[in-house]
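Residue numbers (our numbering): 34 to 379.
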């Protein structure tokens, strides 16, 4: 059985708390990588932003561990205080073992002053600043004028490059093929296509409404779709897309009664008998993501997307759609569902 990967983060009084924050938030919320903050003695520290942090381990414990990713953030003392030299055996062990070491801002000066940048491509806050802050630095020939750089198993970045730093980490760990993580990180990555909101134009829609809770919804999974196709054909409607379920004010509570519209896109509206409706739905602003696999895991997709939206302050409208591009009750792992979470654009 493969051991769970981990990420150790060095925390100390005055460390720049924003620098590792994006990377470790994504690791902790969208992957199974275990994030472990540690300090020299395992005692609480106060970050540069006056946030009290309770480490999980001490440096002694970290040295004894097998660390997949070691993050050293910058801060007010990392390049100037001799207390941090106790880290050097751990840093050398990490590099010599071929495992990832990531340093940002003044932590690059700390590495440079102790010969750890002499022979590897790297960056920092500025080439001249690095030389000024690290008198023993001899790696100028390998300095790369980029926000973040990966050289072998060493990742370095400028203090203002939290996003590129995070991207280098996720890339080195092979994580950007994880859809939920890539979707969330896309909001921060200026080059990410997932930064765009989707605007769905007005939609002619043939549907039936139900007032249900989660338990009442389940019996409709097989029956409602067949019913809608039969009724659409009987009404002479031309179906123009896959079946959709539209959720109105469903809050995730299994007991909540909410309105559920189940229906089909059609080329044009037409009169239909009750209890069916055929209307042109208004334009719809949303954030969408494709869920591949069984519907029993849809809640995980929603949870991760909604968590990311809340973290970014994106206001949800309370109206969501699901489009079932492909579904197979015998092989649910083949299902392809497009999730659209309605948003209120500023």
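We put the CB at the ideal spot given by N, CA and C, even for glycine.
In this structure residue 100 touches residue 39 by the C-beta definition: roughly 6 Å separates them, less than 8 Å. Burial is judged here by how many other beta carbons sit within 10 angstroms of a residue's own beta carbon; residue 366 has fewer than 16 and is exposed. Rounded to whole angstroms, residue 62 and residue 337 show a C-alpha spacing of 8 Å. For the pair residue 205 and residue 186, the Cα-to-Cα distance works out to about 8 Å. If the five residues before and after residue 84 are omitted, its C-beta is found closer than 6 Å to the C-beta atoms of 50, all from its own chain and listed in chain order. Taken in chain order, the unbroken stretches of beta strand (DSSP E) that lie wholly in the segment 96-151 and span 3 residues or more are 102-105, 133-137. Taking 8 Å as the upper bound for CB-CB distance, residue 156 and residue 179 are in contact here, some 5 Å apart. The closest CA to that of residue 376, considering only 87, 57, 351, is found on 351. Counted as a single uninterrupted DSSP element, the beta strand (DSSP E) harbouring residue 322 occupies residues 317-325. Between residue 306 and residue 236, the C-beta gap is not smaller than 7 Å, which leaves the two residues out of contact.
In the displayed model, residue 366 falls within a helix according to three-state DSSP. Pairing residue 145 with residue 325, the inter-Cα distance amounts to about 45 Å.
With a 10 Å radius around the Cβ and a threshold of 16 neighbouring Cβ atoms, residue 374 comes out buried. Counted as a single uninterrupted DSSP element, the alpha helix (DSSP H) harbouring residue 200 occupies residues 195-205.
In this structure residue 165 is exposed. Its beta-carbon is surrounded by fewer than 16 other beta-carbon atoms within 10 angstroms.
The continuous beta strand (DSSP E) containing residue 240 extends over residues 236-245.
Here the C-alpha atom of residue 149 lies approximately 11 Å from the C-alpha atom of residue 189. The Cβ atoms of residue 368 and residue 360 sit closer than 7 Å to each other. Distance from the CA of residue 210 to the CA of residue 304, rounded to the nearest whole angstrom, comes to 46 Å.
In the structure shown, the three-state DSSP call for residue 211 is coil. Boundaries for residue 38: no alpha helix (DSSP H) harbours it, and the DSSP string shows neither H nor E there. Taken in chain order, the unbroken stretches of beta strand (DSSP E) that lie wholly in the segment 147-187 and span 3 residues or more are 181-184.
Look at residue 251 here: in three-state DSSP terms it is coil, with no helix or strand label. Secondary structure note for residue 286: it is in no alpha helix (DSSP H), with a DSSP letter that is neither H nor E.
Taking the C-beta atoms as reference points, residue 107 is found nearer than 7 Å to residue 192. DSSP places residue 353 in the uninterrupted beta strand (DSSP E) bounded by 349-359.
The secondary-structure analysis by DSSP pairs residue 190 across a beta bridge with 137, 181. Residue pairing for residue 52: DSSP places it in no beta bridge. In the structure shown, the three-state DSSP call for residue 73 is coil.
The closest CA to that of residue 143, considering only 91, 280, 115, is found on 115.
Going by beta carbons, residue 42 and residue 53 fall inside the 7 Å limit. Only residues of its own chain outside the window of five on either side were considered, and among them 146 have a CB closer than 6 Å to the CB of residue 169, listed in chain order.
Annotation for residue 172: 145, 150, 151, 152, 153, 155 place their beta carbon closer than 8 Å to its own, counting only its chain and skipping 5 residues before and after. By the Cβ neighbour-count rule, residue 320 is buried, with 16 or more other Cβ atoms within 10 Å of its own.
For residue 61, DSSP assigns no beta-bridge partner whatsoever.
In this model, residue 60 and residue 176 are separated by some 28 Å (Cα to Cα).
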